[in-house]
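The sequence shown begins at 641 in the working numbering and counts up one residue at a time.
Glycine included, C-beta positions come from ideal geometry on N, C-alpha and C.
Bear in mind the structure is a predicted one, so any value in this text is a computation, not a measurement.
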Amino acid sequence: HKRIFKIIKGLWVFAMEEMYVYKNQKKLRWGYTTGTCGTAASMAAALMLLGQKRVGQVKVSTPKGLDLDLEIEEIRFTKEQAVCAVRKDSGDDPDVTNGIAIYSRVSFRDDKPETEGYIWENEVIRLHLTAGEGVGIVTKPGLACEVGKPAINPVPREMIFTHVERACRQYGFQGSLHIEIFIPQGIEISKKTFNPRMGIKGGISLLGTSGMVEPMSEKALTDTIQLELHQKHVAGLKSMILTPGNYGESFLRDELNVNLDYAVKCSNFIGDSLDMAVQENIEEVLLVGHGGKLIKLAAGVMNTHSSVADGRMETLAAWGGACGAGPELIREILESVTVDQGLKLLETVPGLREKVMEQVVRRAWEHLTLRAGESMKVECILFTNERGILGMSPGAMDMLKRILAQDMTKLD
């Protein structure tokens, strides 16, 4: 049985090299997280410090159940400390951290206070994990890490401690080790992430719940949305704004004079974001978005990505016909490529665009209200850059006033 187990385990390791997922008819390769990289670097550094010999590869066990053999780079060690790095491989996921080096320094000397970082200990071993250059520090409540602590999430933290403790046992070490994770490119890369917005300053995070990166995974995006909703609710906001993307943020800021601290970017995940807002016990949500995307809501489409569903022209054409458009105009709308084209066609009949948008917004609001349920109130505003506000639900402006009247000093 032991022999069979070893064979199966070996196949898991081999499987990582050929681990793929198919999405939209594309074969995409899996990768591994910053947390896994930090774990491998820390284990290798501990092995080199304690064994005083070069380690070129280590085996890391991930929470997903896969064992990875990872290459070690930038190796330096003395009798007092060891430093090395593991390069992040995101597979075929478009991750801004892909290719960067995650470093770990393991030493006998602990030159940072215990309050700065995380402690793990048993009867004979004490490990102190801290952050160096390029690893962010948490500045706002609501995250998985305490305010003032390094942004090393619980799962990567546990992985690092487990694997360094394993290295200690291998050499029979008893005593204390200091582990410092640092990422030289972290400060610059953090500017391209959600970290500054969520209160992680000075670098990126060590993330991951499975140790692996699934390419084109929606979960990473929805987790970020839920985290931001949670943070704002913890800070005291009971009402807030959802907007799908950059167009919505620009419209809120430039046209409605709204501080974006009141808003959460929800991408295409309208329905999921409403579900998460309900779970967070948020009382009111105002959805503000470009008509080219939110018009799909009138057809009950709650994930507005073009690969999931469309129905924009069908919605405009159907309501155009219901409000008086003739067969030829309906056909032209159906053949339009963009919502702006469809709106322009509606405007060839005086007052028709306004009538259609009134019905579209009403139907979108009904679908949003149904999805939100009885515990949360929801309103919506649809706009385009060219035409401004196309329509809004009955209580939208009153809700906006209530949102803006909230105290946001805790969000600073």
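Checklist entry - Short check: CB of Pro638 to CB of Val775, under 9 Å? => result Past the boundaries of the shown model lies residue 638; the chain is included only from 641 to 1052, so the question cannot be answered.
Next on the checklist: Starting from Tyr758, trace the beta strand (DSSP E) in both directions and tell me its first and last residue.
Outcome noted: Indexing the sequence shown from 1 puts residue 758 at position 118. Membership of Tyr758 in the beta strand (DSSP E) is indicated by the continuous run Tyr758 to Glu761.
Item to check | Three-state class that DSSP yields for Ala791 in the structure shown | outcome: Taking the first residue of the sequence shown as position 1, residue 791 is located at position 151. In this structure, Ala791 counts as coil in the three-state DSSP scheme.
Checklist entry - Nearest-angstrom Cα distance between His930 and Leu1022? => result Translated into the one-based positions of the sequence shown, residue 930 becomes position 290. Translated into the one-based positions of the sequence shown, residue 1022 becomes position 382. For His930 and Leu1022, the gap between their C-alpha atoms comes out near 6 Å.
Checklist entry - Taking DSSP as the reference, what is the three-state secondary structure of His803? => result As a position in the sequence shown, residue 803 is number 163, starting the count at 1. Annotated three-state conformation of His803 is helix, per DSSP.
Next on the checklist: Measuring only the C-alpha atoms, how far is Pro855 from Leu992?
Outcome noted: Start at 1 with the first residue of the sequence shown, and residue 855 comes out as number 215. Start at 1 with the first residue of the sequence shown, and residue 992 comes out as number 352. C-alpha separation (whole angstroms): 45 Å.
Item to check | Residue range of the alpha helix (DSSP H) that includes Glu1006 | outcome: As a working mapping, residue 1006 is identified with position 366 in the sequence shown. Note, Glu1006: alpha helix (DSSP H), Leu992 to Ala1012.
Next on the checklist: Taking 8 Å as the limit between beta carbons, can you name the residues of its chain near Gly583, skipping five residues before and five after?
Outcome noted: For the chain, the structure presents residues 641 to 1052; residue 583 sits outside this window and is missing.
Item to check | Reduced DSSP category for Cys943 - H, G, I as helix; E, B as strand; rest coil | outcome: For the purposes of this step, residue 943 is taken as residue 303 along the sequence shown, with counting starting at 1. The question names Cys, but residue 943 is Asn in the sequence shown. In the three-state reduction of the DSSP assignment, Asn943 falls in the strand class, which pools E and B.
Next on the checklist: Within 8 Å, do at least three Cβ pairs link the stretch 928–945 to the stretch 987–1007?
Outcome noted: Yes: at least three Cβ pairs fall under 8 Å.
Checklist entry - Who are the Cβ neighbours of Lys752 in its own chain at under 6 Å, not counting the five residues just before and after it? => result Residue 752 sits at position 112 when you count from the first residue of the sequence shown. These residues qualify, in order along the chain: Thr770.
Checklist entry - For Ile742, does the three-state DSSP call read helix, strand or coil? => result Residue numbering aside, residue 742 sits at position 102 when the sequence shown is read from its first letter. Ile742 falls in the strand class under three-state DSSP.
Item to check | Beta-carbon separation (whole angstroms), Asn835 vs Ile821, contact threshold 8 Å | outcome: Counting from one through the sequence shown, the residue named residue 835 turns up at place 195. Counting from one through the sequence shown, the residue named residue 821 turns up at place 181. About 15 Å separates the beta carbon of Asn835 from that of Ile821, a gap too long to meet the 8 Å contact definition.
Checklist entry - Where does Ile777 fall in DSSP's three states? => result Working through the sequence shown from its first residue, we reach residue 777 at position 137. If DSSP states are grouped into helix, strand and coil, Ile777 belongs with the strands.
Item to check | At least three beta-carbon pairs within less than 8 Å, the stretch 865–881 to the stretch 823–839 | outcome: Output reads yes: the stretch 823–839 touches the stretch 865–881.
Checklist entry - Considering only residues of the same chain and omitting the five flanking positions on each side of Glu786, which have a CB-CB separation below 8 Å? => result Position 146 of the sequence shown holds residue 786. If you ignore the 5 residues before and after Glu786, its C-beta comes within less than 8 Å of the C-beta of Val778, all in its own chain and listed in chain order.
Checklist entry - Do you know how far the Cα of Lys872 is from the Cα of Ser890? => result Translated into positions along the sequence shown, residue 890 becomes position 250. Translated into positions along the sequence shown, residue 872 becomes position 232. Answer to the nearest angstrom: the Cα atoms are 20 Å apart.
Item to check | Between the CA atoms of Arg806 and Leu937 - distance to the nearest angstrom | outcome: As a first step, residue 937 must be located in the sequence shown, where it is residue number 297. As a first step, residue 806 must be located in the sequence shown, where it is residue number 166. Taking the Cα positions, Leu937 is about 53 Å away from Arg806.
Item to check | Cβ distance (whole Å) where Met1039 is taken to contact Glu1014 below 8 Å | outcome: Numbered from 1 along the sequence shown, position 399 holds the residue referred to as residue 1039. Numbered from 1 along the sequence shown, position 374 holds the residue referred to as residue 1014. Your pair Met1039 and Glu1014 does not check out as a contact, with CB atoms roughly 17 Å apart and the cut at 8 Å.
Next on the checklist: On a Cα-Cα basis, can you pick out the residue from Val996, Ile881, Val804 and Val874 that is closest to Leu690?
Outcome noted: Residue mapping note: residue 690 aligns to position 50 of the sequence shown, counting from 1. When only C-alpha atoms are compared, the closest one is Val804.
Next on the checklist: Just to confirm the assignment: which complete alpha helix (DSSP H) runs, minimum length 4, are found wholly within the stretch 798–886?
Outcome noted: As far as the stretch 798–886 is concerned, its whole alpha helix (DSSP H) runs of at least 4 residues are 826–830 and 858–874.
Item to check | Option in Leu710, Ser816 and Val925 with minimal Cα separation from Glu754 | outcome: One-based indexing of the sequence shown puts residue 754 at position 114. Answer by Cα proximity: Ser816.
Checklist entry - With burial defined as no fewer than 16 other Cβ atoms inside 10 Å of the residue's Cβ, what is the status of Gly757: buried or exposed? => result The sequence position of residue 757 within the sequence shown is 117, counting from 1. Counting of Cβ neighbours within 10 angstroms places Gly757 among the buried residues, the total reaching 16 or more.
Next on the checklist: By the DSSP assignment, the alpha helix (DSSP H) with Gln981 in it spans what residues?
Outcome noted: In the sequence shown, the residue the question calls residue 981 occupies position 341. Segment Val979 to Leu986, the alpha helix (DSSP H) holding Gln981.
Checklist entry - Taking DSSP as the reference, what is the three-state secondary structure of Gln692? => result Translated into the one-based positions of the sequence shown, residue 692 becomes position 52. Of the three classes helix, strand and coil, the one that applies to Gln692 here is coil, per DSSP.
Checklist entry - Within 10 angstroms of its Cβ, does Val948 collect 16 or more other Cβ (buried), or is it exposed? => result Counting from 1 along the sequence shown, the entry for residue 948 is found at position 308. Looking at its Cβ environment, which holds fewer than 16 other Cβ atoms inside 10 Å, Val948 is exposed.
Item to check | Residue nearest to Glu924 in terms of C-alpha spacing, selected from Met1037, Ala957, Lys878 and Val764 | outcome: For this step, residue 924 is matched to residue 284 along the sequence shown. Nearest C-alpha to Glu924: Lys878.
Next on the checklist: With DSSP as the reference, identify every bridge partner of Lys699, one or two as the case may be.
Outcome noted: Position 59 of the sequence shown, counting from 1, holds the residue named residue 699. Residue pairing by DSSP places Lys699 opposite Asp709 in a beta bridge.
Item to check | DSSP beta-bridge partners of Ala903 | outcome: Along the sequence shown, one-based indexing puts residue 903 at 263. Answer is Ile881.
Next on the checklist: According to DSSP, is Arg893 part of a helix, a strand, or is it coil?
Outcome noted: The residue given as residue 893 occupies position 253 in the sequence shown. Three-state result, Arg893: helix.
Item to check | Per DSSP, the bridge partner or partners of Leu927 | outcome: For this step, residue 927 is matched to residue 287 along the sequence shown. Answer is Leu882 and Cys1020, bridged to Leu927.
Checklist entry - Taking the continuous alpha helix (DSSP H) assigned at Met953, which residues delimit it? => result Sequence index remark: in the sequence shown, residue 953 carries index 313 (1-based). Met953: member of the alpha helix (DSSP H) spanning Arg952 to Ala962, first to last residue.
Checklist entry - Tell me the DSSP bridge mates of Leu769? => result For the purposes of this step, residue 769 is identified with residue 129 of the sequence shown, where counting begins at 1. Secondary-structure assignment with DSSP links Leu769 through a beta bridge to Tyr758 and Ile819.
Item to check | Residue span of the alpha helix (DSSP H) that contains Leu974, given as start and end | outcome: As a working mapping, residue 974 is identified with position 334 in the sequence shown. First-last of the alpha helix (DSSP H) with Leu974: Pro967 to Leu974.
Next on the checklist: Let me confirm a value: Val673 is counted as buried when at least 16 other C-beta atoms fall within 10 Å, else exposed. Which label applies?
Outcome noted: Counting from one through the sequence shown, the residue named residue 673 turns up at place 33. Note that residue 673 corresponds to Thr in the displayed sequence, not to Val. Per the 10 Å Cβ criterion, buried.
Checklist entry - By the 10 Å Cβ neighbour count, where 16 or more other Cβ atoms means buried, how is Lys1041 classified, buried or exposed? => result Translated into the one-based positions of the sequence shown, residue 1041 becomes position 401. Classification for Lys1041: exposed.
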